[in-house]
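Visitor: Positions -26 to -1, 1 to 276 (mature numbering (1 follows the signal peptide of the UniProt record, and there is no 0)) are the ones given, in order, by the sequence shown.
Ideal Cβ placement from N, Cα and C applies to all residues, glycine included.
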Amino acid sequence: MGRVRWRAVVATSVVGLGVATLGACSGSGSPGAATVTVTAAGRSSAAATPSRSPSTSPGASSSPTSGPTASPTARSTSQPTTSTSNPRSGPRLRISHRVVSDSRGRGLKLPEFTVEALTDDATTVRAARALQRALEGQESGVVAGWEAAAEAGSEPQGSVTTERVSVPVNEAELAVVVWRASVYTGGAHPLAVLRSVTVDVAHGRTVTDAGLLGQLQQAGGPAWDFERELRRAVSRQVPDAPEVATLTRDELHVYPTRAGLHVTGDQCVLACALPPLEVTIPWDRLVGPRDDIEALPDAWGL
């Protein structure tokens, strides 16, 4: 089967992609509850739980810590991952998750996130809350797409199952959470989807794909060409991949890592027989020695 284009669901602060109807390649429920805990360094935590916003911003990644108590309406299906960090020399956020099942058996197994600010300054607290909202919006966007694409019936068919949550970046100035899920809507097989959220901890706000690429474009000037570097990287990694020449940013997600700009695309973005697209474009292909990209940590030396 050729490439399937996914329909975007626009949210408040980030953009999430819904699952398009896939026919041969092709659930209602709300995502698991999440909690923001703002923890001042050296003190007991004070929790604040923001209301979940319906289908809002997308994006996803997490640095493990002790997980929240499962909601009475959700059943935990995995143990929370845990980690610690020193806010003086390392990350300012602690991010944890556990996977919970929908209590009504609708095939949803979604990550329940807790984001903690390890310092009590206003910017870090704002970053923790922004990351929490974006993670919630990401889940809402995927679930909404699953519902829209599921085969007709009184209840959505299929499932959304969490395969992996990771935190590839968690530093004093930047954090990235990545979520990989398997989405099944009653067709021949499920599809693997990848979502990420990037938060600029130094400025207390999330960074959208368009915002990051816009900063790179502004620094690079008229000669800067993301699609050129994208197609070059994909051609090297997947030499026989179809339709590389027409691949554009609109079908993909991006997030920054020390090694370069990581680009992901859901299964079927090139061909349904291929796994999800994941390539890293080295920074020296995108950023000049004098370029100052606000979203990237100074410690990376770019």
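Distance, Cα to Cα, Glu147 vs Gln189?
Guide: Those two C-alpha atoms are separated by around 16 Å.
Visitor: When you compare each of Arg202, Thr231, Pro213 to Arg223 by their alpha carbons, which one comes out closest?
Guide: Nearest C-alpha to Arg223: Arg202.
Visitor: Mapping DSSP to helix, strand and coil, what is Gly41?
Guide: Since pLDDT at Gly41 reaches only 37, below the 50 mark, its modelled position is unreliable, and the value read off the structure follows with that caveat. Gly41: coil per DSSP, three-state reduction.
Visitor: Where does His227 land, buried or exposed, given buried means 16+ other C-beta within 10 angstroms?
Guide: That one is buried.
Visitor: Less than 8 Å between the CB atoms is what I'm expecting for Gly239 and Pro250, so what's the real figure, rounded?
Guide: So it is a contact: roughly 6 Å between Cβ atoms.
Visitor: Quick one, which of Val237, Ser133, Leu168 has its alpha-carbon nearest Ala184's?
Guide: Ranking the options by Cα distance to Ala184, first place goes to Val237.
Visitor: Hey, how far is the Cα of His177 from the Cα of Leu186?
Guide: The straight-line gap from Cα to Cα measures roughly 14 Å.
Visitor: The beta strand (DSSP E) spanning Ser133 covers which residue range?
Guide: Here the beta strand (DSSP E) through Ser133 covers 133 to 144.
Visitor: Following the continuous beta strand (DSSP E) through Ser170, name the residue where it begins and the one where it ends.
Guide: Element bounds for Ser170: 165 to 174.
Visitor: DSSP three-state call for Thr97: helix, strand or coil?
Guide: In the structure shown, Thr97 sits in a helix (DSSP, three-state: H, G or I).
Visitor: Check this for me: beta carbons of Val139 and Val150, under 7 Å apart or not?
Guide: It is not a contact, given that the beta carbons lie outside the stated cut-off.
Visitor: With distances taken Cα to Cα, identify the nearest neighbour of Gly262 among Glu268, Thr254, Pro213, Leu276.
Guide: Nearest of Glu268, Thr254, Pro213, Leu276 to Gly262, Cα basis: Leu276.
Visitor: State yes or no: is the C-beta of Val171 within less than 7 Å of the C-beta of Ala155?
Guide: Taking 7 Å as the Cβ cut-off, Val171 and Ala155 do not qualify as a contacting pair.
Visitor: For the candidate residues Ser77, Leu165, Ala162, Val181, whose alpha-carbon lies nearest to that of Pro230?
Guide: The shortest C-alpha separation from Pro230 is found at Val181.
Visitor: Is DSSP giving Leu260 helix, strand or coil here?
Guide: If DSSP states are grouped into helix, strand and coil, Leu260 belongs with coil.
Visitor: Helix, strand or coil for Thr254, going by three-state DSSP, please let me know.
Guide: Strand.
Visitor: Could you spell out the range, first to last residue, of the beta strand (DSSP E) harbouring Arg72?
Guide: Segment 67 to 76, the beta strand (DSSP E) holding Arg72.
Visitor: Since I believe Leu244 is in contact with Glu217 (beta carbons under 8 Å), could you give me their beta-carbon distance rounded to a whole number of angstroms?
Guide: Sure, about 6 Å apart at Cβ, within 8 Å.
Visitor: When burial is assigned at 16 or more other CB atoms within 10 Å of the CB, is Asp258 buried or exposed?
Guide: When all chains shown are included, Asp258 counts as exposed.
Visitor: Thr220: which of Arg205, Arg210, Gln211 sits nearest, CA to CA?
Guide: Closest by alpha carbon: Arg205.
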